[in-house]
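Notes to accompany the following structure.
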Amino acid sequence: MAWSPVTETLESLNPFKGLIRQAEREGEPRPAIRHDWQTFEIVDLLQAPLFELLDEARAVNRRFHADGQVQLASLLSIKTGACPEDCKYCPQSAHYAKKTGLERESLLDVDDVLSKAKLAKDAGASRFCMGAAWRQVKDGPEFDKVLDMVRGVRDLEMEACVTLGMVTKDQADRLAEAGLTAYNHNLDTSPEFYEEIITTRTYEDRLETIANVRSAGVEVCSGGIIGMGETIEDRARLLQELATLDPHPESVPINALVPVPGTPLESQAKVEPLELVRMVATARILMPTSFVRLSAGREALNREAQILCFLAGANSIFYGEKLLTTANNDAADDRALIEEAGLRIKPTCSQ
1471 MAWSPVTETL ESLNPFKGLI RQAEREGEPR PAIRHDWQTF EIVDLLQAPL FELLDEARAV
1531 NRRFHADGQV QLASLLSIKT GACPEDCKYC PQSAHYAKKT GLERESLLDV DDVLSKAKLA
1591 KDAGASRFCM GAAWRQVKDG PEFDKVLDMV RGVRDLEMEA CVTLGMVTKD QADRLAEAGL
1651 TAYNHNLDTS PEFYEEIITT RTYEDRLETI ANVRSAGVEV CSGGIIGMGE TIEDRARLLQ
1711 ELATLDPHPE SVPINALVPV PGTPLESQAK VEPLELVRMV ATARILMPTS FVRLSAGREA
1771 LNREAQILCF LAGANSIFYG EKLLTTANND AADDRALIEE AGLRIKPTCS Q
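Printed below as a string of structure tokens:
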């Protein structure tokens, strides 16, 4: 990339300070990863000229993810609806059930979940994610069933991920003993904007669950949603919260709001595709080793916008017809797109 004032600005903000390209040329060790990002630095990255931002994100991605693999992750709702939380984006909230019409469903049987996991594996997924609409995990028969699901998914030689609401240290330890690969617990948005979206669970509650998961030795999957009425500073603060965790989350889902009729955010305008590209690129620069997962809202992107997200550093997608309760892209189209982009599907894991 030729020198310009913009390049100089990006290199002054980038933790690698332009050293990635030099290291690529000279075979030097990877630059150190930062955990001390400041809000203004991230705002500047989010607002940088698009081509300059993509150049920088692409350089980071090449350095840390040279294999060009994209992980396919399948997501299944194992217990749907009647959630006591009041997240304004979520049709599973009991607060909005009369308007959304979403009916409560009981926890699925273990055998049913594992049969769906096997189908996902046969379709190319290497990670199977299971979501239960709970505020927090309660010890008892239902949690024991979830532990059996985790064991079964791992027996299929797939990564197992769950999102169950808040967990205690003891519960996180039990999930780890069952073989859980990762626990998803999104921060959703910035600490400052959070109470505009959720009032039934605090930001500190979310951070405590992440700490409990980390202490159990389970990987952290944590990201957020854009398009809920937040400012660019809120987006920067969300990324800052994630990028100052040490270590960084192993997985960072980037979601664009899917406005659902009956929820308080039903009238929000859809996110412009390039805003999602910018979030992906900035997340890649801030958290070089993480899987940046292109998540909800991908259905609204055309093929070109999705390829831009891959170019910007996205290296995982959720795969299958649904993301919990919202529609997702066609599986065959996803595989064709990955192939046309010159990328490879990450194989299933071995235990």
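Per the working numbering, residue 1471 is the first one in the sequence shown, and the count goes up by one each step.
By construction, the Cβ of each residue, glycine as well, lies at the ideal position given by its N, Cα and C atoms.
Complete alpha helix (DSSP H) runs within the region 1653-1728 (minimum length 4 residues, chain order): 1673-1685, 1702-1713
Residue from L1735, G1694, G1732 with nearest C-alpha to T1722: First, the amino acid is wrong: residue 1722 is Val here, not Thr. The shortest Cα separation from V1722 among L1735, G1694, G1732 belongs to G1694.
K1586 versus M1628 - alpha carbon distance: 12 angstroms
Whole alpha helix (DSSP H) elements within the region 1551-1578, 4-residue minimum: 1567-1570
Terminal residues of the beta strand (DSSP E) in which G1601 lies: 1597-1602
Alpha carbon of I1755 to alpha carbon of E1526, nearest angstrom: 7 angstroms
Distance between beta carbons of K1639 and S1685, contact taken as under 8 angstroms: 6 angstroms
A1784, enclosing beta strand (DSSP E) - first and last residue: Segment: none, A1784 is in no beta strand (DSSP E) and carries neither H nor E.
Straight-line Cα distance separating D1658 from D1704: 10 angstroms
First through last residue of the beta strand (DSSP E) which encompasses E1629: 1629-1633
Touch test, the region 1782-1789 against the region 1730-1737, Cβ-Cβ under 8 angstroms, three pairs minimum: no
Alpha carbon of D1592 to alpha carbon of G1812, nearest angstrom: 22 angstroms
Same chain only: Cβ atoms within 7 angstroms of I1680, ignoring 5 sequence neighbours per side: H1655, V1690, S1692
Counterpart residues of A1543 in DSSP-defined beta bridges: Paired residue(s): R1597, F1788.
Cβ shell of L1634 (< 6 angstroms), same chain only, five flanking positions each side left out: A1602, W1604, V1607
Proximal residues to R1676 (C-beta, below 7 angstroms), its chain only, five neighbours per side dropped: H1655, L1657
Nearest-angstrom Cβ-Cβ length linking I1667 and L1746, presumed shorter than 8 angstroms: Incorrect: roughly 18 angstroms between the Cβ atoms, too far for contact.
Same chain only: Cβ atoms within 6 angstroms of L1523, ignoring 5 sequence neighbours per side: A1751
Three-state class that DSSP yields for V1730 in the structure shown: coil
Local conformation of L1764 per DSSP, three classes: strand
A1823, buried or exposed, once every other Cβ within 10 Å from all chains shown has been counted against 16: Any question about residue 1823 goes unanswered here, given that the chain covers just 1471 to 1821.
Backbone CA spacing between P1729 and I1503 [nearest angstrom]: 36 angstroms
Where R1773 falls: helix, strand or coil (DSSP): helix
Residue from E1647, S1765, T1759 with nearest C-alpha to R1532: T1759
Buried/exposed call for R1814, threshold 16 Cβ in 10 Å: By the neighbour-count rule (16 or more Cβ atoms within 10 Å), R1814 is not buried but exposed.
Coil, strand or helix - A1493 by DSSP: Unreliable placement is indicated for A1493, whose pLDDT of 46 sits below 50; the coordinate value is still reported in the next sentence. Look at A1493 here: in three-state DSSP terms it is helix.
Residue of A1630, V1583, Y1673, A1652 minimising C-alpha distance to E1711: Y1673
I1503 - DSSP class collapsed to helix/strand/coil: coil
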